[in-house]
Amino acid sequence: MKEVILTPEGFKKLKEEIEELSTVRRREIAERIRVAREFGDIAGNAEYDTAKNDQAHLEARIAMLEERLKNARVVTRKEIKSGEVSIGTKVRLRDVKANKTVEYHIVGSAEANPAENKLSNESPVGKAIMGRKKGEVVEVAAPRGKLKFKIMDIKAA
52 MKEVILTPEG FKKLKEEIEE LSTVRRREIA ERIRVAREFG DIAGNAEYDT
102 AKNDQAHLEA RIAMLEERLK NARVVTRKEI KSGEVSIGTK VRLRDVKANK
152 TVEYHIVGSA EANPAENKLS NESPVGKAIM GRKKGEVVEV AAPRGKLKFK
202 IMDIKAA
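If you're matching positions, the sequence shown starts at 52 in my numbering and goes up one per residue.
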């Protein structure tokens with residue numbers, strides 16, 4: 052598995068999720084399995100089958116997250132170059148054509164979440180603005196055509 056780049060916030064969230072799944076969720080599913088077994092014959096027992104299936108999915112998720120954690124590299128404040136777009140910065144971009152401004156938090160791909168304006172450094176826009184400075188204009192090839200963004204502001208997140 053490749054290196055997983057995380058912000059300190061993303062690293063903390065990852066550890067918290069593993070803790071939640073490993074304790075609370077495991078106990079919940081174990082209890083569901085115990086209750087389903089009490090119904091008698093487990094052959095053809097839908098509750099038991101569903102709980103065992105959920106348990107398998109949970110264990111796979113925990114294993115994947117633990118692997119991600121094992122390969123994690125946390126970006127420190129020292130690594131963030133002042134005035135340059137990098138993982139861990141917040142960037143205000145203006146769409147030149149639409150004349151709309153949006154702010155993104157640049158994160159590693161494991162933390163990306165468009166709904167929270169967390170943009171991956173590996174996304175088309177993320178790649179285009181990495182290493183750039185305030186005032187620069189970048190062009191991004193997108194499915195709906197070329198987009199132009201002007202970097203309005205960069206700050207450490």
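Using N, Cα and C, we set each Cβ at its ideal position, and we do this for glycine too.
{"query": "For methionine 115, report the span of its alpha helix (DSSP H) as first-last.", "result": "97-121"}
{"query": "So, at 8 Å on beta carbons, what are the nonlocal neighbours of valine 188 in its own chain, with the 5 sequence-adjacent residues on each side left out?", "result": "Val147, Lys199, Phe200, Lys201 and Ile202"}
{"query": "Quick check on the burial criterion: 16 or more other C-beta atoms within 10 angstroms. Buried or exposed for asparagine 4?", "result": "Any question about residue 4 goes unanswered here, given that the chain covers just 52 to 208."}
{"query": "Going by DSSP, what residues sit across from serine 171 in a beta bridge?", "result": "Val158"}
{"query": "What are the boundary residues of the alpha helix (DSSP H) that valine 136 is part of?", "result": "It is not in any alpha helix (DSSP H) - valine 136 carries neither H nor E in the DSSP assignment."}
{"query": "Please check the pair arginine 119 and alanine 102, which I expect to be a contact at CB under 8 Å, by giving their CB distance rounded to whole angstroms.", "result": "Not a contact, Cβ separation roughly 26 Å."}
{"query": "Please look up how many angstroms separate the CB atoms of alanine 161 and leucine 57, rounded, as I've assumed it's under 8 Å.", "result": "6 Å"}
{"query": "In whole angstroms, give me the CA-to-CA distance for glycine 159 and glutamate 173.", "result": "7 Å"}
{"query": "Just how far apart, CA to CA, sit arginine 143 and serine 73?", "result": "38 Å"}
{"query": "Looking at the secondary structure, which residues open and close the alpha helix (DSSP H) in which valine 86 lies?", "result": "77-88"}
{"query": "Is lysine 206 near threonine 140, with beta carbons less than 8 Å apart?", "result": "yes"}
{"query": "Is glutamate 190 helix, strand or coil when you go by DSSP?", "result": "strand"}
{"query": "If you drop the 5 nearest sequence neighbours on each side, which residues of the same chain put their C-beta closer than 8 Å to that of phenylalanine 90?", "result": "Asn96, Glu98 and Tyr99"}
{"query": "Comparing alpha-carbon positions, which option in Glu135, Lys53, Lys169 and Arg88 lies nearest asparagine 122?", "result": "Lys53"}
{"query": "Once you ignore the five residues that flank proline 59 on each side, which residues in its own chain have a CB closer than 7 Å to its CB?", "result": "Val125"}
{"query": "Alpha carbons only, please: which of Val86, Ser137, Ala192 and Leu109 is nearest the one belonging to lysine 185?", "result": "Ser137"}
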